[in-house]
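Novice: Residue numbers (UniProt numbering): 1 to 409. Even glycine gets a Cβ: it sits at the ideal position worked out from N, Cα and C. The model shown is predicted, which means the values in this text are computed figures rather than measured ones.
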């Protein structure tokens, strides 16, 4: 193996990690070092940026332990048959990089993944050693996210959860057929089994003993996963139904979507071009509707199975269900208010609180923060009536981007 310097390894292994999207740091325990014990924290604002639900930016050192891999997943640039440059960190090198980057205020935590070397257990053991060394020897109190290997032994997963804030196990592809074809060494059953193990241990960690003491901590920020979009023929509807199943069965914190990017020496089974990035964006919007607005996966995707790329999924749903509109803002239940375009959960709570005391008018919605240019065709209240807008055949054109003339050059 070529002997590489630490900067060369960092360049190769940081670049190799860019394909993994599941590195958000929301939900971690609030630990800090202001008491003089240890270094690092999980609460400071922001070379990977992850965004918490409250808007905080957390900068993470995002690297692979190694991009050597014994698996041959067709969609992965680090597969065994790929001719990419290879490198491998030692445990001490990852620990040293994390601490030095933190001391320079570059990062607030570590996202660590890896190719599979020798065996899943050997690889997972080294990743756990990184986290354990940071916590026990260096007293690092910042955020740590470990990408768990599904085939690893349960005791290694248990120890990973002891030291990490979040664990993630990638389902990779939305259908079992696609996974079998493109990643023959992996199986849906093994992936789901590992997710169930993480869920069970996480729930056990929340329980108290007969004496009232807490069980040992286990990945307090929960688990997440990632799906590749566009590497197989799965529709947006299939992807969202898979996500909904994972949320309900394994209590995932997040499902991340990563648009397939063509790779060198690709298999003939893969598409030659990547899907439009706006498709990935629409899936994130639809996922948000499922998690925060009470939408079901089956009602978000249209009969075609593909989300509208020109308008957001909530607006597309409203246009497809015009018979339900306009909604009387002063009388509608919370569930219906959440389905009005331009009105989000915080605005709904403000509406419900304000209308206990008085009748709301159009100008009140402006003060509350509703996006009325989206909401106007779908609401009625004193000071505003949409009249015939909900039945306008050209209503969609009001929101869709204006057509552009294609260039010949």
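Can you check whether the CB of residue 147 is closer than 7 Å to the CB of residue 187?
Specialist: Taking 7 Å as the Cβ cut-off, residue 187 and residue 147 do not qualify as a contacting pair.
Novice: Can you tell me where the alpha helix (DSSP H) holding residue 399 begins and where it ends?
Specialist: Counting along the chain, the alpha helix (DSSP H) containing residue 399 begins and ends at 395-399.
Novice: Given a cut-off of 7 Å on the beta-carbon distance, is the pair residue 149 and residue 190 in contact?
Specialist: The answer is no: Cβ separation not under 7 Å.
Novice: Just how far apart, CA to CA, sit residue 302 and residue 247?
Specialist: Rounded to the nearest angstrom, the two C-alpha atoms are 21 Å apart.
Novice: Candidates 357, 164, 103, 351: which alpha carbon is nearest residue 365's?
Specialist: If we check each option's Cα against that of residue 365, 351 comes out closest.
Novice: Along the beta strand (DSSP E) that carries residue 310, what are the first and last residues, could you check?
Specialist: Residue 310 -> no beta strand (DSSP E), and no H or E assigned at all.
Novice: Hey, could you find the ends of the beta strand (DSSP E) residue 227 is sitting in?
Specialist: Start and end: 223-229.
Novice: Using the beta-carbon count (16 or more within 10 Å), is residue 105 buried or exposed?
Specialist: So residue 105 counts as exposed.
Novice: To the nearest angstrom, how far is the alpha carbon of residue 275 from that of residue 233?
Specialist: Going from the Cα of residue 275 to the Cα of residue 233 covers about 11 Å.
Novice: Span of the beta strand (DSSP E) holding residue 254?
Specialist: Start and end: 254-259.
Novice: Measure the Cβ-Cβ separation of residue 170 and residue 226 and say whether it is below 7 Å.
Specialist: Yes, the Cβ-Cβ distance between residue 170 and residue 226 is below 7 Å.
Novice: If we call anything under 7 Å between Cβ atoms a contact, is residue 9 one with residue 89?
Specialist: Cβ atoms of residue 9 and residue 89: closer than 7 Å.
Novice: Could you name the residues of the same chain whose beta carbon sits closer than 8 Å to that of residue 260, not counting the 5 residues immediately before and after it, in chain order?
Specialist: Contacts found: 75, 228, 229, 230, 231, 270, 271, 274, 275.
Novice: Comparing the C-beta of residue 290 with each C-beta of chain D, is any distance below 7 Å?
Specialist: The chain labelled as chain D is not found in the depicted structure, where only one protein chain is given.
Novice: So, does the stretch 279-286 touch the stretch 296-315, judging by three or more C-beta pairs under 8 Å?
Specialist: With a cut-off of 8 Å, the stretch 296-315 and the stretch 279-286 count as touching, because enough Cβ pairs lie within range.
Novice: Indicate the three-state DSSP secondary structure (helix, strand or coil) for residue 245 in the structure shown.
Specialist: Note: residue 245 maps to helix in three-state DSSP.
Novice: Sorted by chain position, which residues of the same chain lie with C-beta nearer than 7 Å to residue 295's C-beta, five sequence neighbours on each side aside?
Specialist: Taken in chain order, the residues that qualify are 289.
Novice: Starting from the C-beta of residue 18, find all residues in its chain whose C-beta is less than 7 Å away, skip the five residues before and the five after it, and write them out in chain order.
Specialist: Nothing listed; no residue qualifies.
Novice: What does the Cβ neighbour count give for residue 73, buried or exposed, with the cut at 16 atoms within 10 Å?
Specialist: Buried.
Novice: Is any heavy atom of the ligand COA found at a distance shorter than 6 Å from the C-beta of residue 143?
Specialist: The ligand COA is absent from the structure shown, which contains no ligand whatsoever.
Novice: What residue from 152, 253, 184 has the CA that sits closest to residue 117's CA?
Specialist: Of the listed residues, the one whose Cα sits closest to residue 117 is 152.
Novice: Kindly give me the distance between the Cβ atoms of residue 401 and residue 389, rounded to whole angstroms, as I take these residues to be in contact under 8 Å.
Specialist: Contact flag wrong, Cβ pair sits at about 20 Å.
Novice: For my contact list, residue 167 and residue 215 are in at a C-beta cut-off of 8 Å; report their separation, rounded to the angstrom.
Specialist: Between residue 215 and residue 167 the Cβ distance is about 17 Å, and since that is not below 8 Å, they are no contact.
Novice: Between which residues of its own chain and residue 463 is the CB-CB distance below 7 Å, once the five residues before and five after are set aside?
Specialist: With the chain running from 1 to 409 in the structure shown, residue 463 is simply not present.
Novice: Residues in its own chain within less than 8 Å of residue 291 by CB, not counting five upstream and five downstream?
Specialist: If we look at residue 291 and ignore the five residues flanking it on each side, its Cβ neighbours are 247.
Novice: Since residue 98 and residue 61 should fall inside the 8 Å C-beta cutoff, what is the C-beta to C-beta distance between them, to a whole number of angstroms?
Specialist: Going by Cβ atoms, the distance from residue 98 to residue 61 rounds to 6 Å, so yes, they are a contact pair.
Novice: Within this structure, are the beta carbons of residue 305 and residue 369 separated by less than 7 Å?
Specialist: Not a contact, by the Cβ cut-off of 7 Å.
Novice: In whole angstroms, what separates the C-alpha of residue 392 from that of residue 329?
Specialist: The straight-line gap from Cα to Cα measures roughly 21 Å.
Novice: Could you have a look at residue 125 and say whether DSSP puts it in helix, strand or coil?
Specialist: Three-state result, residue 125: helix.
Novice: Would residue 341 and residue 314 qualify as a contact pair, given that the criterion is a beta-carbon distance under 7 Å?
Specialist: Contact flag set, yes.
Novice: Looking at the unbroken beta strand (DSSP E) that takes in residue 168, where does it start and where does it end?
Specialist: 166-168 is the span of the beta strand (DSSP E), which, as asked, contains residue 168.
Novice: Determine the DSSP secondary structure at residue 239, reduced to helix, strand or coil.
Specialist: Residue 239 falls in the helix class under three-state DSSP.
Novice: Quick one: is residue 242 buried, meaning 16 or more other Cβ sit within 10 Å of its Cβ, or exposed?
Specialist: Answer is buried; the Cβ neighbour count reaches 16.
Novice: Under a Cβ-count criterion, where at least 16 other Cβ atoms within 10 Å of its own Cβ denotes burial, should residue 202 be classed as buried or exposed?
Specialist: When all chains shown are included, residue 202 counts as buried.
Novice: Could you name the residues that DSSP lists as bridge partners for residue 142?
Specialist: Paired residue(s): none; residue 142 is not in a bridge.
Novice: Report, in whole angstroms, the separation of the C-beta atoms of residue 12 and residue 78, which I expect to be a contact under 8 Å.
Specialist: Rounded, the Cβ-Cβ distance is 10 Å, inconsistent with contact.
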